[in-house]
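Residue numbers (our numbering): 1 to 324.
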């Protein structure tokens, strides 16, 4: 069967989008105002929504949360929120995290079912509890307690895809090997005053083993933010990316003086140094320092990150550097 993946979605949308595309080798110049940086095609709408929220008086946390909500609410995005492709048992399980670089605190949920906005539930874990991460039934009960309304997250299209997968006697299974039918929305931003926030949301790998959690809701992996330095997020093979603590590694590299672009590339290069097979990995990262400079890099051309940047009222769609 044909596998639905982020790259298929990118190709479908990019053909109709009148958007500027470039491939920078160095960090974009610093900005004195707000800057938003997000992964993939859906990041453009997320950035624009975030900018609106900040302009109307919302906080940077509000802006990142509401920006990511635009992807979570879109049934046509099959790897985030409502309409996300389900696990092997036909249940949509969502993961998300959001981190406040000022307080150095995060809120996350993993394996959350029945609620389409896990980033908003994670936000309340941050605001209402002393915990960082809630998972499974506990995350479900917390969402109920916070007033979220459960709903069916399978759309007719995502249900159809699951039924097709299940009916195929040769269907892919994660008891054997990974596939490429997954992705996220990762987002980082600054309010122009040195405040940094990072957020990430995903439905994870389609047809995954129930209970599987990738890098997206893990602090230091899918998200990391520190007002003193900057913020980062990651996208790709979450099982692999988790093992490299990608986001915190990038921020720490920036803290040593590297530009966001240099830090992104160094992280991917380190993955290859430890295991040359990672040259073919599905891995991409984005980063921003507290001066609004940005960076983005993909491991290889087969998983080429296209990302969105909002700066000084201008919304752009860009292509990341490919290392291999």
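C-beta atoms are modelled at their ideal positions from N, C-alpha and C, and glycine is treated no differently.
Beta-carbon proximity list for residue i, same chain, < 8 Å, skipping 5 on both sides
i	result
residue 148	115, 117, 120, 121
residue 25	Its pLDDT being 46, under 50, residue 25 is placed unreliably in this model, and the coordinates cannot settle the point.
N- and C-terminal bounds of the alpha helix (DSSP H) containing residue i
i	result
residue 272	260-274
residue 126	118-128
residue 160	156-167
Contacting residues, own chain, Cβ-Cβ under 6 Å from residue i (five flanking each side not counted)
i	result
residue 90	162
residue 271	244, 278
residue 135	110, 111
residue 314	none
residue 87	93, 208, 210
Rounded Cβ spacing between residue i and residue j (contact assumed at less than 8 Å)
i	j	result
residue 70	residue 286	At roughly 17 Å, the Cβ-Cβ gap does not stay under 8 Å, so residue 70 and residue 286 are not in contact.
residue 64	residue 197	5 Å
residue 112	residue 143	7 Å
residue 200	residue 233	5 Å
residue 68	residue 46	6 Å
Helix, strand or coil at residue i according to DSSP, with G and I counted as helix
i	result
residue 189	strand
residue 254	helix
residue 99	strand
residue 139	helix
residue 65	helix
residue 311	strand
residue 348	The question about residue 348 has no answer here: the residues shown for the chain are numbered 1 through 324.
Range covered by the beta strand (DSSP E) that runs through residue i
i	result
residue 236	230-236
residue 47	From DSSP, residue 47 is part of no beta strand (DSSP E) but of the alpha helix (DSSP H) over 43-55.
residue 134	133-135
residue 74	Where residue 74 is concerned, there is no enclosing beta strand (DSSP E), given that its DSSP letter is neither H nor E.
residue 332	Outside the displayed range of the chain (1 to 324) lies residue 332, so it cannot be described from this structure.
residue 224	223-226
residue 288	283-289
residue 213	Here residue 213 belongs to no beta strand (DSSP E), and DSSP marks it neither H nor E.
Other residues of its chain near residue i: CB distance less than 7 Å, five sequence neighbours each side excluded
i	result
residue 62	53
residue 230	196, 251, 254, 260, 287, 288, 289, 290
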